[in-house]
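Below is one structure, written out as structure tokens; the observations come after it.
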Amino acid sequence: MKVGFIGAGKVGFTLGKYFCMHGIEVTGYCSRNIQSAQDAANFTGTKVFRSTFDLLDVSDVLFLTVPDMSICSVYEELCYTGIQNKIFCHCSGALTAHKAFPQIQELGAAGFSVHPLFAISDKYHAYGELADVFFALEGTADRLDWMKNWLMSSGLKINVISPAAKIKYHCAAALASNYVLALVSLSRSLLEECGFSANDAELALKPLFWGNAQHIAEDGLQQALTGPVERGDLETVKKHLDCLSAEQRQLYCLLAKELTKVAQDKHPMRDYTAITEYLEAMSRKG
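Numbers in my numbering are just positions in the sequence shown, counted from 1, shifted up by 143.
Here you go:
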């Protein structure tokens, strides 16, 4: 199967290089920015195409690695030329294959969403990390098993999800990635209230954040859990809540209730009833 990329950003660079390194033939790149396409082609040892139709003609699989808002329009433009037996893929976390590629089966083709559960920050090096990344796959039902097996043949980890679960999946990814930044931001603000400068607060939080992230990656959620909730230390939890604003208390309670679930799984014989009931009461109180 020959793979072409429309769009030469970080995702296109990374997937193209990974495929080339794992035995999948990449035909090349087409992009509105010809220099970006040239850079991607040079990086992967493939070709530049000035026309999306020319790229479509020589490719069996097309990855539309363009901004989410452009996926549908690029697809619709290509439909006018005939796309029978072609496979279209996009890498949006929130958009389903059905929304991106309407009526694709009636046109004799197949469409899939292939989303990496990974924040690609460096287009020249991230391909080396993809072997450890899970990809969520959904799309044309009668080709789904084939697509899964084809992607797995390159060494990728694939988890099939239903189209109905796509938004919840994307929400889960955002919470673990983007929303962690909100918690760090709040921690920094609290340290500033304790007398830290903003810069020193970030520096102080780095080893704490990084050490915990490594512990989770190496040992899992349960073993990484520490702190007053795990210990069942209700008095410290109360003191924490007392020092926060009403809005911050609501967030703390929501997170603490989730932590008690992890703690209970880690210590099934420990009684967390007192903490759970207190957190529920505080949540209702606002």
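Yeah, the Cβ is synthetic: ideal placement off N, Cα and C, and Gly gets one too.
Item, Value
"Residue range of the unbroken beta strand (DSSP E) whose run includes residue 233", "230-233"
"Environment of residue 281 [buried if 16+ CB atoms lie within 10 Å]", "buried"
"Beta-carbon spacing of residue 157, residue 173 below 8 Å", "no"
"Which of helix, strand or coil DSSP assigns to residue 258", "strand"
"Bridge partner(s) assigned by DSSP for residue 314", "Bridge partners of residue 314: none, in fact."
"Beta-carbon gap between residue 330 and residue 348 smaller than 8 Å", "yes"
"Residues bridged to residue 398 [DSSP beta-bridge criterion]", "Paired residues: none, contrary to the question."
"Three-pair Cβ contact test at 8 Å for the region 212-224 versus the region 161-170", "no"
"Segment limits, alpha helix (DSSP H) that includes residue 372", "371-374"
"Limits of the beta strand (DSSP E) - the one that residue 149 falls within", "145-149"
"Per-residue DSSP class, three states only, for residue 208", "coil"
"Validate contact between the region 299-318 and the region 330-345 using beta carbons, cut 8 Å, 3 pairs", "no"
"Nearest-angstrom Cα separation, counted from residue 204 out to residue 426", "50 Å"
"Own chain partners of residue 153 with C-beta closer than 6 Å, once the 5 adjacent residues on each side are dropped", "263 and 266"
"Cβ-Cβ distance between residue 304 and residue 279 below 8 Å", "yes"
"Endpoints, beta strand (DSSP E) assigned at residue 168", "168-173"
"Inter-residue spacing [alpha-carbon to alpha-carbon] between residue 275 and residue 328", "28 Å"
"Under 8 Å between C-beta atoms of residue 261 and residue 244", "no"
"Element boundaries [alpha helix (DSSP H), containing residue 349]", "341-362"
"Proximity winner among 413, 289 and 403, relative to residue 423 (alpha-carbon distances)", "403"
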